[in-house]
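Undergrad: The following block contains the structure, expressed as structure tokens.
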Amino acid sequence: MRWILDQELQAERAGMAAREINIGEVVDGRYELELPIGKGGMAEVWRATDRLEHRLVAVKFLRPAEEVLRQVDTRYQEDEITVMHKRFNREARLLSQLNHPGIPALYDEGKHRGTPYLVMRYIDGMSIGDFLALRRPLPLGPAVSITVQIASALDSAHTLPVVHRDLKPQNIMLSTSGVAVLLDFGIAQPLGAGATRYTQYGSSLGSPGYQAPEQIRGDSVVPETDSYALGCVCYEMLTGHTPFAEEHGGLQGQHLDADPLPLRTFAPQVPAELDDLVLRMLAKAPERRPGMAEIEEVFRRYLPLPGSPPPSPRLDPDPTLPFRAPDDYIEESNTDRTASASTEPKSAEWLKVRGVEADCEQGEQELTTGDPGPALARLADLAAAARKQWGPARPLVRQVWRLAAEGLRILGDCGRAATFYQQMLDDLAHSRSPQDQATALIWRLRVAECRLPFGDSDFALETLFEVATAGRALSSQTARGVQDVCRELETELNELGHSVEVQRLLKRLEQELD
């Protein structure tokens with residue numbers, strides 16, 4: 001594996017000159033590059049014209065390794081390349097699952113002269129960072145309108161559940177129609193049990209000034225991690241100041257230990273209810289922060305009503321437009337989402353055995369690397385059709401469902417994964433085969449794992465006890481897989497702070513065994 005990575009690194013370096021991207025290039029015979037519009041730590045984004053659909057799109061390229069790895073110790077460069085590619089692939093998988101007008105639709109993906117790229121909805125407008133540079137602080141109406149839209153987008157992502165982890169003014173676009181759009185899911189973290197966590201050497205995930213205390217400490221993130229970052233953005237929009245300033249001491253230290261001044265210290269016009277809410281969003285402990293549903297609900301009380309006058313002075317773009325003049329602004333949505341040919345669902349097709357077998361073979365390889373890709377995505381899409389066409393008992397159908405469920409779990413799509421596992425568990429309900437009974441116990445554990453991100457730890461603890469008890473009746477050979485998954489669930493529970501309950505459960509099990 002290290003030899004392969006070394007070859008990749010050499011290829012990355014050797015292909016630098018050939019991989020330089022220029023205006024006028026046509027990607028995949030379809031996307032004509034017009035203008036570079038952004039560059040981050042891992043990627044660069046171009047505006048392009050889609051010749052097939054006759055529309056503007058944003059094409060995001062993974063930056064050449066040589067540019068990204070200049071500050072990385074040579075001992076870790078091979079690993080860093082792997083992390084870069086896996087993060088980029090995971091961003092594509094996450095965007096393909098998120099359907100919200102405040103999150104850009106993923107249209108296509110592929111490679112251009114060896115460089116991975118994503119094609120997304122193009123947002124014509126400016127970042128909130130640039131918007132604030134022209135007009136800060138914002139009037140109440142525009143600030144509330146932006147917050148409601150971004151809270152709604154984040155709430156949609158958290159339902160998956162996925163934490164963005166890098167919310168800041170430069171990652172929020174305000175379109176010419178006044179729609180606030182959340183960008184850059186490059187370091188987003190799925191919260192599903194078993195979801196792969198990619199760590200980059202020598203880097204701090206998130207952006208200074210907007211990182212929650214748990215990010216600064218390197219602790220696990222939760223949906224309320226995004227609440228903290230959104231609180232920082234709200235504070236800045238409403239007061240014209242960030243909650244903490246570098247000149248007042250170490251920025252990270254203040255985020256860890258200092259309390260921000262009330263918003264009304266700088267902006268007396270801010271309603272007391274919003275002042276209190278934003279300060280709660282900036283609480284040091286994640287459990288003290290409100291979730292996105294509460295944030296959206298409270299801020300909605302202060303939205304401009306339909307027919308309200310525009311802000312004074314007038315703003316361009318105007319984030320109040322979708323709320324005060326809903327019939328006048330151009331609605332932007334992801335309803336025109338068009339999947340690439342490689343990920344197009346096959347649920348309506350008559351499936352071919354050889355094609356499904358090839359997807360299963362590739363899916364097994366993707367699971368082995370811990371990086372779900374297009375094969376597992378296809379299997380998740382065609383699973384229902386395979387079951388209907390061939391029946392649930394066929395070994396190939398069982399393999400399709402197992403691979404689809406495992407891929408969704410690793411990716412962090414816990415809701416769908418739990419549905420797959422539960423269906424497979426139901427299929428084995430009446431089987432007397434010792435192997436099927438062991439498999440059913442594993443699926444029970446997986447269902448419990450997938451419910452953990454939604455706060456169902458009591459169910460997981462009880463399931464762990466029941467499965468461990470039932471596992472005593474299995475032979476040592478069939479019990480081995482069950483024991484492995486039990487240990488995985490124990491680890492998940494310990495990481496979520498339930499180590500005391502786990503130890504109590506294990507002691508209870510020992511007593512029953514005696």
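Numbering-wise (the working numbering), the sequence shown opens with residue 1 and increments by one. Think of the CB as a built atom: it goes at the ideal place given N, C-alpha and C, for glycine as much as any other residue.
1. What number of angstroms, rounded off, separates the C-alpha of Leu95 from the C-alpha of Phe185?
2. With 16 other CB atoms within 10 Å as the buried threshold, where does Ala358 fall?
3. Decide if Thr225 is buried, meaning its Cβ has at least 16 other Cβ atoms within 10 Å, or exposed.
4. Using a 10 Å radius around the Cβ and a threshold of 16 neighbouring Cβ atoms, would you call Gly497 buried or exposed?
5. With burial defined as no fewer than 16 other Cβ atoms inside 10 Å of the residue's Cβ, what is the status of Gln399: buried or exposed?
6. Please return the same chain residues whose Cβ sits closer than 8 Å to the Cβ of Ala43, not counting the five positions on each side in sequence.
7. Span of the alpha helix (DSSP H) holding Leu279?
8. Measuring only the C-alpha atoms, how far is Asp124 from Leu33?
9. Contact defined as beta carbons within less than 8 Å: I believe Met237 pairs with Ile146. What is the distance between those atoms, to the nearest angstrom?
10. Measuring alpha carbon to alpha carbon, tell me which residue in Asp484, Tyr122, Gln423 and Met424 is nearest Thr176.
11. At which residues does the beta strand (DSSP E) containing His112 begin and terminate?
12. In chain order, what residues of the same chain lie with their CB nearer than 8 Å to the CB of Gly464, ignoring the 5 residues before and after it?
13. Within the chosen definition, does the region 308 to 327 reach the region 242 to 259 through at least 3 CB pairs nearer than 8 Å?
14. Is it true that the region 252 to 268 meets the region 148 to 158, where meeting means three or more beta-carbon pairs spaced less than 8 Å apart?
15. Spell out the partners DSSP gives Lys39 in its beta bridges.
16. Pick out whichever of Pro139, Val163 and Gly40 has its Cα sitting closest to the Cα of Pro313.
17. To the nearest angstrom, how far is the alpha carbon of Leu56 from that of Val119?
18. Among all the DSSP beta bridges, which residues are the ones paired with Met84?
19. On the three-state DSSP scale, how would you describe Ser431?
20. Can you tell me whether Ser127 is helix, strand or coil according to DSSP?
21. Can you tell which of Gln422, Ala417 and Ala468 has its C-alpha closest to the C-alpha of Leu191?
22. Using the rule of at least 16 other Cβ atoms within 10 Å of the residue's Cβ for burial, across every protein chain shown, is Lys168 buried or exposed?
23. Taking contact to mean at least 3 C-beta pairs separated by less than 8 Å, is the region 101 to 115 in contact with the region 420 to 436?
24. Given Ala143, which residues of its chain have a CB within under 6 Å of its CB, disregarding the five upstream and five downstream residues?
25. Which of the three DSSP states is assigned to Arg288 in this structure?
26. Leaving out five residues on either side along the sequence, give the residues of the same chain with a beta carbon under 8 Å from the beta carbon of His158.
27. If you draw a straight line from the C-alpha of Arg300 to the C-alpha of Arg387, how long is it?
28. Let me confirm a value: Gln477 is counted as buried when at least 16 other C-beta atoms fall within 10 Å, else exposed. Which label applies?
29. Decide if Ser431 is buried, meaning its Cβ has at least 16 other Cβ atoms within 10 Å, or exposed.
30. From Gly29, Asn22 and Val27, pick the residue whose C-alpha is nearest to that of Leu35; which is it?
31. Going straight from the alpha carbon of Ala404 to that of Phe454, what length do you get?
32. Between the C-alpha atoms of Leu182 and Ala470, what's the straight-line distance to the nearest angstrom?
33. If you measure between the beta carbons of Leu274 and Tyr235, is that distance less than 8 Å?
34. Please state the DSSP three-state secondary structure of Asp413.
35. Would you report the Cα separation of Ile150 and Thr265, rounded to the nearest angstrom?
36. Rounding to the nearest angstrom, what Cα-Cα distance links Val467 and Leu305 in this structure?
TA: Quick answer:
1. Stepping through the sequence shown from its first residue, residue 95 is reached at position 95. Stepping through the sequence shown from its first residue, residue 185 is reached at position 185. When rounded, the distance between both Cα atoms is 8 Å.
2. For this step, residue 358 is matched to residue 358 along the sequence shown. Exposed.
3. In the sequence shown, residue 225 corresponds to position 225, counting from 1. The residue is buried, with at least 16 neighbouring Cβ atoms inside 10 Å.
4. On the sequence shown, residue 497 is found 497 positions in, with the first residue counted as 1. By the neighbour-count rule (16 or more Cβ atoms within 10 Å), Gly497 is not buried but exposed.
5. Position 399 of the sequence shown, counted from the first residue, corresponds to residue 399. Per the 10 Å Cβ criterion, buried.
6. Looking up residue 43 in the sequence shown gives position 43. Counting only Cβ-Cβ distances below 8 Å, and skipping sequence neighbours, we find Lys60, Phe61, Leu62, Arg63, Phe88 and Gly186.
7. One-based indexing of the sequence shown puts residue 279 at position 279. Per DSSP, Leu279 belongs to the alpha helix (DSSP H) from Ala272 to Met281.
8. By one-based count along the sequence shown, residue 124 stands at place 124. By one-based count along the sequence shown, residue 33 stands at place 33. So the alpha carbons of these two residues sit roughly 16 Å apart.
9. The count along the sequence shown starts at 1 and reaches residue 237 at position 237. The count along the sequence shown starts at 1 and reaches residue 146 at position 146. Contact flag correct, Cβ pair sits at about 7 Å.
10. Residue numbering aside, residue 176 sits at position 176 when the sequence shown is read from its first letter. Ranking the options by Cα distance to Thr176, first place goes to Tyr122.
11. Counted from its first residue, the sequence shown places residue 112 at position 112. From DSSP, the beta strand (DSSP E) with His112 extends over Leu106 to His112.
12. Here residue 464 refers to the residue found at position 464 of the sequence shown. The sequence shown places Leu at residue 464, not Gly. For Leu464, the CB contacts under 8 Å within the same chain, skipping 5 residues up- and downstream, are Leu445, Ala448, Cys486, Leu489, Glu490, Leu493, Val502 and Leu505 in chain order.
13. no
14. no
15. Position 39 of the sequence shown holds residue 39. Per DSSP, the beta-bridge partners of Lys39 are Glu44.
16. As a working note, residue 313 is residue 313 in the sequence shown. Nearest of Pro139, Val163 and Gly40 to Pro313, Cα basis: Pro139.
17. As a position in the sequence shown, residue 56 is number 56, starting the count at 1. As a position in the sequence shown, residue 119 is number 119, starting the count at 1. Rounded to whole angstroms, Leu56 to Val119 spans 10 Å at the Cα level.
18. The residue given as residue 84 occupies position 84 in the sequence shown. None; Met84 has no bridge partner.
19. Position 431 of the sequence shown holds residue 431. Three-state DSSP puts Ser431 in coil, outside helix and strand.
20. If you number the sequence shown from 1, residue 127 lands on position 127. In the structure shown, Ser127 sits in a strand (DSSP, three-state: E or B).
21. Within the sequence shown, the letter at position 191 stands for residue 191. The alpha carbon of Leu191 has as its nearest neighbour, out of Gln422, Ala417 and Ala468, the alpha carbon of Ala417.
22. Working through the sequence shown from its first residue, we reach residue 168 at position 168. Taking every protein chain shown into account, the CB of Lys168 has 16 or more other CB atoms within 10 angstroms, so this residue is buried.
23. no
24. As a first step, residue 143 must be located in the sequence shown, where it is residue number 143. So the list reads Met237 and Leu238, once near-sequence residues are dropped.
25. What you label residue 288 is simply residue 288 of the sequence shown in a count that begins at 1. The answer is helix: DSSP assigns Arg288 an H, G or I state.
26. Counted from its first residue, the sequence shown places residue 158 at position 158. Excluding sequence neighbours, His158 sits near Pro223, Asp226, Gly291 and Met292.
27. For the purposes of this step, residue 300 is taken as residue 300 along the sequence shown, with counting starting at 1. For the purposes of this step, residue 387 is taken as residue 387 along the sequence shown, with counting starting at 1. The straight-line gap from Cα to Cα measures roughly 44 Å.
28. In the sequence shown, the residue the question calls residue 477 occupies position 477. Looking at its Cβ environment, which holds fewer than 16 other Cβ atoms inside 10 Å, Gln477 is exposed.
29. The sequence position of residue 431 within the sequence shown is 431, counting from 1. Exposed, since its Cβ has fewer than 16 Cβ neighbours within 10 Å.
30. Stepping through the sequence shown from its first residue, residue 35 is reached at position 35. It is Asn22.
31. As a working note, residue 404 is residue 404 in the sequence shown. As a working note, residue 454 is residue 454 in the sequence shown. Cα to Cα, Ala404 sits roughly 21 Å from Phe454.
32. Residue mapping note: residue 182 aligns to position 182 of the sequence shown, counting from 1. Residue mapping note: residue 470 aligns to position 470 of the sequence shown, counting from 1. Answer to the nearest angstrom: the Cα atoms are 46 Å apart.
33. Counting from one through the sequence shown, the residue named residue 274 turns up at place 274. Counting from one through the sequence shown, the residue named residue 235 turns up at place 235. No. Outside cutoff.
34. The residue you call residue 413 lines up with position 413 of the sequence shown. Look at Asp413 here: in three-state DSSP terms it is coil, with no helix or strand label.
35. To locate residue 150, count along the sequence shown from 1; it is residue 150. To locate residue 265, count along the sequence shown from 1; it is residue 265. Spanning the two alpha carbons is a distance of roughly 25 Å.
36. Position 467 of the sequence shown, counting from 1, holds the residue named residue 467. Position 305 of the sequence shown, counting from 1, holds the residue named residue 305. Rounded to whole angstroms, Val467 to Leu305 spans 54 Å at the Cα level.
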